[in-house]
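What follows is a set of notes on a single structure, which appears directly below.
Number of protein chains: 2
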Amino acid sequence: MDKKLRDDIYIHAIEWVREAGEVIRDKMYGPLDIETKSNANDLVTKLDKETEQFFVAKVKSKFSGHFIHGEEGYGDSPTSLDGTVWIIDPIDGTMNFVHQKRNFAISVGIYHDGVGEIGLIYDVMANVLYHAKKGEGAYKDDVQLPSLPEIGNINEAIIGMNHFWLCENKLIEEQVMQKFVKDIRGTRTYGSAALEFAYTAEGIIDGYISMRLSPWDVAAGIVIVNEVGGITTDIDGKIVNMLDKSTILTCNSVLQKKILGMLKEGRK
Amino acid sequence: MDKKLRDDIYIHAIEWVREAGEVIRDKMYGPLDIETKSNANDLVTKLDKETEQFFVAKVKSKFSGHFIHGEEGYGDSPTSLDGTVWIIDPIDGTMNFVHQKRNFAISVGIYHDGVGEIGLIYDVMANVLYHAKKGEGAYKDDVQLPSLPEIGNINEAIIGMNHFWLCENKLIEEQVMQKFVKDIRGTRTYGSAALEFAYTAEGIIDGYISMRLSPWDVAAGIVIVNEVGGITTDIDGKIVNMLDKSTILTCNSVLQKKILGMLKEGRK
Chain A
317 MDKKLRDDIY IHAIEWVREA GEVIRDKMYG PLDIETKSNA NDLVTKLDKE
367 TEQFFVAKVK SKFSGHFIHG EEGYGDSPTS LDGTVWIIDP IDGTMNFVHQ
417 KRNFAISVGI YHDGVGEIGL IYDVMANVLY HAKKGEGAYK DDVQLPSLPE
467 IGNINEAIIG MNHFWLCENK LIEEQVMQKF VKDIRGTRTY GSAALEFAYT
517 AEGIIDGYIS MRLSPWDVAA GIVIVNEVGG ITTDIDGKIV NMLDKSTILT
567 CNSVLQKKIL GMLKEGRK
Chain B
317 MDKKLRDDIY IHAIEWVREA GEVIRDKMYG PLDIETKSNA NDLVTKLDKE
367 TEQFFVAKVK SKFSGHFIHG EEGYGDSPTS LDGTVWIIDP IDGTMNFVHQ
417 KRNFAISVGI YHDGVGEIGL IYDVMANVLY HAKKGEGAYK DDVQLPSLPE
467 IGNINEAIIG MNHFWLCENK LIEEQVMQKF VKDIRGTRTY GSAALEFAYT
517 AEGIIDGYIS MRLSPWDVAA GIVIVNEVGG ITTDIDGKIV NMLDKSTILT
567 CNSVLQKKIL GMLKEGRK
């Protein structure tokens, strides 16, 4: 992708993400019709839709040839990744939004001919932006994130994962995952895929595995994690298909080989 | 406990907790002998000890008749709860301290003749203090926390818990816990018992269960959760023994009955 064009897209994307976040914060704290605000589920549904529509309007007016692949379906629901595609989750971490009124994110990944060029994950309530351009490093606000720690031993790794991995499931024998949990140093569960990608990039956790995520949950995160030397695949080590749901493993490349090996033992 | 005396203790306890937190922040960010700082494990061990010693010195100089029950063992390691006992975890969430350099807390519970009178949980890096006096409500900094949401259905509850509950363990059949995880709305794992108590009090999660905690992990949290109408027991519904390790369940009283009932089905 042309660097100058990409820089222009990047500047606008950041501006719009911040603007959308401000609207969400205002509606969370400020006056809103009581009917909607009394039910956090209604509020998040409304804001999810409005935020995606906001991005659709902005992108289409400024970059009319770009496509949008968004959770709420107001975009183009593209069937290929040809051209420039904005892959957007307007509110990632819906349960956190509803229950916690924090710990959710706007996630925007911008891909050109299938290549992740820009990743933005905006922790709305904390007002913290994780952002990256391919080949130019990843940042948390103004601070460049260092390369991922060279943790190569499973027993030093903290892994983000939910608890369903340890229940009977279609992907992996739960006994293998129980051994995995005992072998690693620790587990964390934060309830937002986008933020767990951002935390992985930041080194706050050493990796994240998920059973089933959509492109908009991971598109931005993959770009950001790439820029600190991490790697993201499905749990069989295959490249993530940005047009379909997928399992996910993101971490550094040494851990990745070891974790993939462990998961393989129990793969159904 | 005499109200005037308690207010005096409260003011000093808050002052010392903030002072200790400031020292930890300074040592985390500021210059420190390189040898210690290069190894986060050494740093936390050093700060754990120094922070507890700081509290011991402060408490003993100002309230010479008080006892201290602290994780690091610089206090009195009391065998009874007679009199006034400060139950202190200088750094709760050691793994978070080491890996994340945030999401850990100073936890101080002050008990008089076995009754929890004061609870302080200080999220050091966020500079957020959860605090309560028995009968006077719980606060997050200057804002009083409302009573816990009246969630009575398991399927509406987000529960803080680690992943070992779902592995073979000595307490509960893991199959029962797997059903539990599927029945509740969601799970979170934050890696600090004190903060998970604080989040429960705040309504960010609806409860927290743990397999084995020490008095200093829970002493402050119990007081704070009490003040928003919550209840804390072991997983058999018994009062927590502040002189021994214990299982823990903290949540609102309606959820508590339901969760205890579910846990009982698999209790070993």
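First to last, the sequence lines map onto chains A and B. According to the numbering used here, numbering within the first sequence proceeds without interruption in unit steps and concludes at 584. According to the numbering used here, numbering within the second sequence proceeds without interruption in unit steps and concludes at 584. Glycine included, each C-beta is placed from N, C-alpha and C at the ideal position.
| Query | Result |
| --- | --- |
| DSSP beta-bridge partners of W402 of chain A | A:I384, A:I426 |
| C-beta neighbour in chain A for V497 of chain B, strict 9 angstroms | yes |
| Inter-residue Cα distance where the pair is E338 of chain B and V440 of chain B | 8 angstroms |
| Expected contact under 8 angstroms - CB spacing of A473 of chain B and R501 of chain B to nearest Å | 6 angstroms |
| Rounded distance between the beta-carbons of G476 of chain A and E590 of chain A, thought under 8 angstroms | One cannot answer for residue 590 of chain A here, as it falls past the ends of chain A, which runs 317 to 584. |
| Chain-order list of residues whose beta-carbon lies under 7 angstroms from that of S508 of chain A (same chain, five-residue window excluded) | D408, G409, N412, N419, F420, A421 |
| Short CB-CB distance (under 9 angstroms) between L571 of chain B and chain A | no |
| Contact residues within the region 500-531 of chain B, judged by C-beta distance below 9 angstroms to chain A | R501, G502, T503, R504, T505, Y506, G507, Y515, E518, G519, I520, I521, D522 |
| Chain B contacts made by the region 414-442 of chain A, where a contact means CB separation under 9 angstroms | H415, Q416, K417, R418, N419 |
| Beta carbon proximity, F480 of chain A to chain B, threshold 9 angstroms | yes |
| Close beta carbons around W532 of chain B, own chain, < 8 angstroms, minus the five adjacent residues each side | H385, G386, E387, I403, I404, D405, D408, S423, G425 |
| Interface partners of M411 of chain B on chain A, CB under 8 angstroms | I474, R501, G502 |
| Inter-residue Cα distance where the pair is D429 of chain B and T367 of chain B | 25 angstroms |
| Three-way DSSP call (helix, strand, coil) for K378 of chain A in this model | helix |
| Where S569 of chain B falls: helix, strand or coil (DSSP) | helix |
| Cβ pair count under 8 angstroms reaching 3, the region 330-345 of chain A against the region 432-439 of chain A | yes |
| Contact test: I384 of chain A Cβ vs the ligand GDP heavy atom, cutoff 8 angstroms | Because no ligand of any kind appears in the structure shown, any question about the ligand GDP cannot be addressed here. |
| When B:K374, B:F379, B:R341, B:A448 are compared against L359 of chain B, the one with the closest alpha-carbon | B:R341 |
| Neighbour-count burial assignment, S396 of chain A, 16 or more Cβ in a 10 Å radius | exposed |
| M578 of chain B (DSSP reduced to helix, strand or coil) | helix |
| Proximal residues to G582 of chain B (C-beta, below 6 angstroms), its chain only, five neighbours per side dropped | I488, E489, V492 |
| Candidates A:A356, A:E484, A:D499, of which the one nearest K495 of chain B by Cα | A:E484 |
| Proximity below 9 angstroms, CB of G432 of chain B to CB of I564 of chain B | no |
| DSSP beta-bridge partners of I564 of chain B | B:S526 |
| Same chain only: Cβ atoms within 8 angstroms of G381 of chain A, ignoring 5 sequence neighbours per side | G399, T400 |
| Local Cβ density within 10 Å of V497 of chain A, reported as buried at 16 or more and exposed below that | buried |
| Residue closest to N478 of chain B, alpha-carbon to alpha-carbon, out of A:S463, A:Y506, A:G453 | A:Y506 |
| Exposed unless 16 or more other CB atoms sit within 10 angstroms - verdict on L482 of chain A | buried |
| Range of the contiguous alpha helix (DSSP H) that encloses V556 of chain B | Careful: V556 of chain B lies outside any alpha helix (DSSP H) and carries neither H nor E. |
| H447 of chain A versus P465 of chain B - alpha carbon distance | 36 angstroms |
| Delimiting residues of the beta strand (DSSP E) encompassing T503 of chain B | 502-504 |
| Contacts around N357 of chain B, its chain only, beta-carbon distance under 7 angstroms, and the 5 residues preceding and following it disregarded | V414 |
| Coil, strand or helix - D408 of chain B by DSSP | strand |
| Any C-beta of chain B under 9 angstroms from that of E388 of chain A | no |
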